[in-house]
Amino acid sequence: MSDGIVFDAEAGSSLVNELRLTFASGKTRTYAWRVSQLTTLSNLIDDHEQQIIEALRSDLAKPPLETVAYEIAMLKNSCNVALKELKHWMTSEKVKTSIATFPSSAEIVTEPLGVVLVISAWNYPFLLSLDPVIGAIAAGNAVVLKPSEISPATSSLLAKLLWDYMDNSSVRVVEGAVDETSALLQQKWDKIFYTGNGRVARVVMAAAAKHLTPVVLELGGKSPVVVDSNINLEVAIRRIIAGKWGSNNGQACISPDYIITTKEYAPKLVDALKAELEKFYGKNPLDSQDLSRIVNSNHFARLTKLLDDDKVSGKIVYGGEKDESKLRIAPTVLLDIPRDSLIMSEEIFGPLLPIITVDKLEESFDVINSGPKPLAAYVFTNNKALKEQFVTTVSAGGLVVNDTAIHLAVHTLPFGGVGESGVGAYHGKFSFDAFSHKKAVLYRGFMGDASIRYPPYTNTKMRL
Ligand code: NAD
Numbered sequence: 001m002s003d004g005i006v007f008d009a010e011a012g013s014s015l016v017n018e019l020r021l022t023f024a025s026g027k028t029r030t031y032a033w034r035v036s037q038l039t040t041l042s043n044l045i046d047d048h049e050q051q052i053i054e055a056l057r058s059d060l061a062k063p064p065l066e067t068v069a070y071e072i073a074m075l076k077n078s079c080n081v082a083l084k085e086l087k088h089w090m091t092s093e094k095v096k097t098s099i100a101t102f103p104s105s106a107e108i109v110t111e112p113l114g115v116v117l118v119i120s121a122w123n124y125p126f127l128l129s130l131d132p133v134i135g136a137i138a139a140g141n142a143v144v145l146k147p148s149e150i151s152p153a154t155s156s157l158l159a160k161l162l163w164d165y166m167d168n169s170s171v172r173v174v175e176g177a178v179d180e181t182s183a184l185l186q187q188k189w190d191k192i193f194y195t196g197n198g199r200v201a202r203v204v205m206a207a208a209a210k211h212l213t214p215v216v217l218e219l220g221g222k223s224p225v226v227v228d229s230n231i232n233l234e235v236a237i238r239r240i241i242a243g244k245w246g247s248n249n250g251q252a253c254i255s256p257d258y259i260i261t262t263k264e265y266a267p268k269l270v271d272a273l274k275a276e277l278e279k280f281y282g283k284n285p286l287d288s289q290d291l292s293r294i295v296n297s298n299h300f301a302r303l304t305k306l307l308d309d310d311k312v313s314g315k316i317v318y319g320g321e322k323d324e325s326k327l328r329i330a331p332t333v334l335l336d337i338p339r340d341s342l343i344m345s346e347e348i349f350g351p352l353l354p355i356i357t358v359d360k361l362e363e364s365f366d367v368i369n370s371g372p373k374p375l376a377a378y379v380f381t382n383n384k385a386l387k388e389q390f391v392t393t394v395s396a397g398g399l400v401v402n403d404t405a406i407h408l409a410v411h412t413l414p415f416g417g418v419g420e421s422g423v424g425a426y427h428g429k430f431s432f433d434a435f436s437h438k439k440a441v442l443y444r445g446f447m448g449d450a451s452i453r454y455p456p457y458t459n460t461k462m463r464l
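1 is the number of the first residue of the sequence shown in full-length UniProt numbering; add one for each residue after it.
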């Protein structure tokens, strides 16, 4: 951890107690503290752009442009939005009252929850760590961040920078893996915000349940892309590639996981994908500097297993090359994949893109709805009726029509899953709300004290 001490349950308890004292002092509730910490966080990012880029290159060989666009710029934007809107978000909302309380007035007062825990994942390790922290600070909480041990360079950079820049009495980082996270999860928090896979989410939720701690769970799933034939194919293909291989080489929670198209249209789609992929990543994509590598050998082995499944043998229509020594897998497209194959039964989270085919595109919606609810779903079409059908029938964390993954950048939209893809949401005001309690406050004077509330409960009162 950041302080150089072994982190066990006792250390967890004393850390939480320390932060509780800070919270109880009222310091983090003030507008001035929130603004100063958000400004400091924004400055920290400005001052260390190069180090952030290098940490992500070390952890994932992430292309600098992706780091700048999808981690640094997104975080700067989150800070800017919070700083611009904070006064407004913190203002109590006057609401109407009921005849039963006449005369009275009422308001909703937003208050911080207290001491919160953020556990983040390795794939966008800077963004996924600090974006929830921005929400926690904006809402006036003390916060502990536990970055992922699978992206160690980013984890240690976060620990150092937050220690150097932020208010250590209320913003702390604990580095570590399962043991350290378990020690943290034994503590009583006021909210736990977890990003990662569904298996660990269940561990987090069970630990939270012991203290009745509310959770936000930002998980994943198999995010489908439905492709119609009446589209601008060139633009559609570019946008699918950007969301898949241009987003950490498919290691993104809202990456297109598989494509559904008609049997008739599939060959044209595959040809266009092949041509554009070669244009973007060259004839030897394993050497491309514009593709992240696979994060570690476990994930490399997991992805290899998906390709080794007998049910997909002979189905690769593009790519398939891999280099274990460099943890690199080329963009790979598979056609006509059976739905009971391994690759269709779990989230891929890597550079493999299966295409499944249907007779009529409308069948796609049943295919999607027959599985667990995904984090995102995409459709490419110019058909108005199909768009409407997609929006009304497909249940997913978020939907995008005629693009992929880009909804993440719209801070006025909630970002989160539904069903197995997650619980709760964040981004923009939704982040502030995720870490706030909306307190109902009713004001009354001493006038209008209706006797109907008080015994004796006579028949006359019953009829009123
Ligand atoms: P990960 O391995 O980094 O794990 C996430 C966190 O859980 C880490 O901080 C890790 O230390 C902790 N952890 C792991 N095992 C634990 C245990 N037994 N007990 C307690 N804590 C434990 O990341 P991952 O799970 O491989 O992330 C990939 C998954 O996350 C994918 O399913 C992806 O779709 C999802 N994801 C979702 C979002 C989102 O915003 N919805 C973003 C990124 C990733």
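The beta carbon of each residue, even a glycine, is placed where N, CA and C say it ideally should be.
Check, Outcome
"C-beta contact flag for residue 465 and residue 417 at 9 Å", "Residue 465 lies beyond the range of the chain shown here (1 to 464); nothing can be said about it."
"Same chain only: Cβ atoms within 6 Å of residue 105, ignoring 5 sequence neighbours per side", "443"
"Spatial neighbours of residue 326 in its chain, beta-carbon cut-off 8 Å, leaving aside the 5 residues before and after", "286 and 293"
"DSSP-derived helix/strand/coil call for residue 19", "helix"
"Segment limits, alpha helix (DSSP H) that includes residue 29", "Looking at the DSSP string, residue 29 is not in any alpha helix (DSSP H), and its letter there is neither H nor E."
"C-alpha distance - residue 445 paired with residue 101, whole-angstrom precision", "10 Å"
"Own chain residues within Cβ distance below 8 Å of residue 153, not counting five before or after", "54, 55, 56, 58 and 59"
"Residues bridged to residue 188 (per DSSP)", "None; residue 188 has no bridge partner."
"Distance, residue 239 Cα to residue 136 Cα", "33 Å"
"Straight-line gap, residue 312 to residue 334 (C-alpha atoms, nearest Å)", "8 Å"
"Three-state class that DSSP yields for residue 388 in the structure shown", "helix"
"Coil, strand or helix - residue 426 by DSSP", "strand"
"The stretch 148 to 164 / the stretch 215 to 230 touching (three or more Cβ pairs under 8 Å)", "no"
"Inter-residue Cα distance where the pair is residue 10 and residue 28", "24 Å"
"Closer than 8 Å: residue 189 CB and nearest the ligand NAD heavy atom", "no"
"Per-residue DSSP class, three states only, for residue 172", "strand"
"C-alpha gap between residue 237 and residue 276, whole angstroms", "7 Å"
"Per DSSP, the bridge partner or partners of residue 258", "224"
"Reference residue 86; option with closest CA among 428, 441, 288 and 437", "428"
"Residue of 352, 350 and 406 minimising C-alpha distance to residue 377", "406"
"CA-to-CA distance, residue 268 to residue 36, given in whole angstroms", "54 Å"
"Given 8 Å, three or more beta-carbon pairs between the stretch 247 to 254 and the stretch 61 to 73", "yes"
"Neighbourhood of residue 195 by C-beta distance below 6 Å, restricted to the same chain and skipping five residues each side", "120, 121, 128 and 218"
"Any non-hydrogen atom of the ligand NAD closer than 8 Å to residue 67 Cβ", "no"
"Residue 167 to residue 355 span [Cα, whole Å]", "49 Å"
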